[in-house]
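Structure first, commentary second.
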Amino acid sequence: KSIVVYISHTENPSYFYVSRADAISEMLSEEILSHYKSSRYNLGAFPSVSPGQIFCAKYTEDGSFYRARVLEVVDSKHIKVQYVDFGNKEVIPVDRLRVLISEFRTQPIQAYECCLHGVQPADQMNIFLAHEWSEAAIAKFADLSSSDKELRMTVHEVKGKIFINFLYVEHITSGDYITLILYLSKSKKYWGRGEESYLNKQYKYFLKILE
């Protein structure tokens with residue numbers, strides 16, 4: 002079964018986030034924005050913050066509030082967060098956090114961590130460094146799957162909380178459906194074909210060279 006999605010955040014073809022292409026994320030963002038216009042949900046002068054906690058956080062780029070998980074306490078005034086409905090991360094001042102009210106705690110997380118199935122870095126000849134994607138490959142993948150494009154995803158395998166592989170990804174906004182995985186596997190300048198092997202129980206993996 003295929004699912005219509007868009008890519009909400011990209012690190013490289015082995016590590017990116019997708020969200021379903023429906024109105025849920027947009028509605029959730031609008032509701033959060035309307036609730037957090039005032040300062041009534043501020044944490045106070047001396048907030049207690051620790052990794053794993055969920056808040057609303059003010060995103061630097063657009064000044065809006067989004068649900069965020071604390072990843073790290075950087076120092077007494079700064080923390081590193083991940084915006085759970087998109088996947089991106091940033092370091093922000095603690096005073097940008099707001100209490101996440103119960104209404105928004107029950108909504109499912111909208112972003113899913115994924116890995117593209119069947120490809121590996123093209124110029125990577127050491128299997129222990131198989132995640133070393135070049136800047137050119139990352140840029141090409143980001144261009145092919147930019148967030149303004151709706152894509153069609155088929156899940157190849159799921160491990161834990163992570164969608165490990167894409168079987169294929171299709172553009173569905175163009176007249177002739179483009180299967181990205183076929184394009185990627187032929188673009189040897191950026192990547193090659195591969196298969197996965199698991200290194201340990203935490204599902205760390207590398208891609209063997211087949212060609």
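Just so we're on the same page, this note's numbering is the position in the sequence shown counted from 1, plus 1.
The beta carbon of each residue, even a glycine, is placed where N, CA and C say it ideally should be.
None of these values were measured; they are calculated from a predicted model.
Could you give the DSSP three-state label for LYS90: helix, strand or coil?
strand
Please classify SER35: does DSSP put it in a helix, a strand, or coil?
helix
Alpha carbon of GLN108 to alpha carbon of PHE66, nearest angstrom:
15 Å
Contact check, ARG99 vs PHE56 under 8 Å by CB: the rounded distance?
6 Å
Say yes only if the C-beta of GLU133 is nearer than 6 Å to one or more non-hydrogen atoms of the ligand SAH, and no if none qualify.
This structure simply doesn't include the ligand SAH, nor any ligand for that matter.
Comparing alpha-carbon positions, which option in ALA143, ALA140, ARG97 lies nearest ARG41?
ARG97
Below 8 Å, can you find three or more Cβ-Cβ pairs linking the stretch 134 to 146 to the stretch 12 to 22?
yes
For ASP86, count neighbouring C-beta atoms within 10 Å of its own C-beta (all shown protein chains included) and say buried if the count is 16 or more, exposed if not.
buried
Report the partner residues of VAL6 according to the DSSP bridge assignment.
ARG21, LEU152
By the DSSP assignment, the alpha helix (DSSP H) with LYS141 in it spans what residues?
136 to 145
Local Cβ density within 10 Å of PRO122, reported as buried at 16 or more and exposed below that:
buried
Which two residues bound the contiguous alpha helix (DSSP H) that contains GLU104?
103 to 106
Mind checking whether LEU101 and VAL6 have CB atoms under 7 Å apart?
no
Sort GLU104, ASN89, LYS81, LEU117 by Cα distance to VAL95 and report the nearest one.
LYS81
Pairwise C-alpha distance: GLU104 and TRP134:
40 Å
Buried or exposed for LYS141, going by 16 or more other Cβ atoms inside 10 Å?
buried
Please state the DSSP three-state secondary structure of LEU72.
strand
Would you tell me roughly how many angstroms separate the C-alpha atoms of GLN111 and ARG21, rounded to the nearest one?
7 Å
Would you report the Cα separation of ILE139 and ILE4, rounded to the nearest angstrom?
23 Å
Considering only their Cβ atoms, is the gap separating GLN54 from LEU72 smaller than 7 Å?
no
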